[in-house]
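Asker:
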Amino acid sequence: EPEVTQTPSHQVTQMGQEVILRCVPISNHLYFYWYRQILGQKVEFLVSFYNNEISEKSEIFDDQFSVERPDGSNFTLKIRSTKLEDSAMYFCASSERGLLNSPLHFGNGTRLTVT
Amino acid sequence: GQQLNQSPQSMFIQEGEDVSMNCTSSSIFNTWLWYKQDPGEGPVLLIALYKAGELTSNGRLTAQFGITRKDSFLNISASIPSDVGIYFCAGPIPLLNTGGFKTIFGAGTRLFVKA
Chain S
1 EPEVTQTPSH QVTQMGQEVI LRCVPISNHL YFYWYRQILG QKVEFLVSFY NNEISEKSEI
61 FDDQFSVERP DGSNFTLKIR STKLEDSAMY FCASSERGLL NSPLHFGNGT RLTVT
Chain U
1001 GQQLNQSPQS MFIQEGEDVS MNCTSSSIFN TWLWYKQDPG EGPVLLIALY KAGELTSNGR
1061 LTAQFGITRK DSFLNISASI PSDVGIYFCA GPIPLLNTGG FKTIFGAGTR LFVKA
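Residue numbers (this note's numbering), protein chains in the order written: chain S, 1 to 115; chain U, 1001 to 1115.
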């Protein structure tokens, strides 16, 4: 069964550094998302992306965050200058269509640790 | 904004027992989703519910979409050790600009199964 793949599985970085988290969504999916899960807490929506542009972003997704689909397969999340509170699991997800009957499929996440 | 409230927060049960957990919202959802998250992995879709009153099974799992469209429950029968994990309810919220959806999650029910 096709799956969403994320790399790296674990990223350790120093505060103030830039990180890029990478995702390869399922190939025929058109809607792409990033979610964040701080340890022990709920899965929080960050941003949705469709037709090469952001369709919605949450309050968490401030100017330090950006997303890009640089080619036909990758979908990246960049954090420009990481803060300690950015430490979390970051999940990429995709759905085939932006419809009610097209649920999200998640990758296994990147654990970001900011020191 | 719309929120999903899950209960209980955690459950400690004996192998073989049946489990029930639920999810409520103050506003209507047109789709309810149940995901399971194993440690260190992304959420995996268990059951999707699309019609009010719908009762759907997936193996030992059964979920129902409440008739008011403001609640759902998930039952697990004859629990086994690999049922351990976090169970999230989720629901899509329309994005007015693009016609797509973002999915929001409840805080999760942590299930512990003792062999």
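We treat Cβ as the ideally placed atom computed from N, Cα and C, and that holds for glycine. Bear in mind the structure is a predicted one, so any value in this text is a computation, not a measurement.
Output yes if chain U places a C-beta closer than 8 Å to the C-beta of P2 (chain S); else output no.
Answerer: no
Asker: Can you check which of these residues, S:S48, S:R36, S:H10 and S:L104, is closest to T113 (chain S) by C-alpha distance?
Answerer: S:H10
Asker: Closer than 9 Å, Cβ to any Cβ of chain S: which residues of the stretch 1039-1070 of chain U, in chain order?
Answerer: Residues passing the 9 Å Cβ filter: G1040, E1041, G1042, P1043, V1044, L1045, A1048 and Y1050.
Asker: Counting along the chain, where does the beta strand (DSSP E) carrying E68 (chain S) start and finish?
Answerer: Segment F65 to E68, the beta strand (DSSP E) holding E68 (chain S).
Asker: Output, in chain order, the set of chain U residues within a Cβ distance shorter than 7 Å of V43 (chain S).
Answerer: Going along chain U in sequence order, the residues near V43 (chain S) (Cβ under 7 Å) are P1043, F1088 and F1105.
Asker: Any beta-carbon of chain U closer than 8 Å to the one on Y50 (chain S)?
Answerer: It does: the Cβ of Y50 (chain S) has a partner Cβ on chain U nearer than 8 Å.
Asker: Is there a Cβ from chain S that is less than 8 Å from the Cβ of G1108 (chain U)?
Answerer: yes
Asker: So within the stretch 1030-1055 of chain U, which uninterrupted beta strand (DSSP E) runs reach at least 3 residues, ignoring any that extend past its ends?
Answerer: 1032-1037 and 1044-1049
Asker: Report the rounded CA-to-CA distance for F91 (chain S) versus G1100 (chain U), giving the unit in angstroms.
Answerer: Pairing F91 (chain S) with G1100 (chain U), the inter-Cα distance amounts to about 19 Å.
Asker: Name the chain U residues whose beta carbon is nearer than 7 Å to that of Y31 (chain S)?
Answerer: G1100
Asker: My output table needs one value for D86 (chain S): the three-state DSSP class, helix, strand or coil.
Answerer: helix
Asker: At a CB-CB cut-off below 7 Å, which residues of chain U make contact with N108 (chain S)?
Answerer: E1041 and G1042
Asker: According to DSSP, is P1094 (chain U) helix, strand or coil?
Answerer: strand
Asker: Return the chain-ordered ranges of every beta strand (DSSP E) run that is complete within the stretch 1-70 of chain S and spans a minimum of 3 residues.
Answerer: 5-7, 10-13, 19-24, 31-37, 44-50, 53-57 and 65-68
Asker: Would you identify the three-state DSSP class for D1071 (chain U), choosing helix, strand or coil?
Answerer: strand
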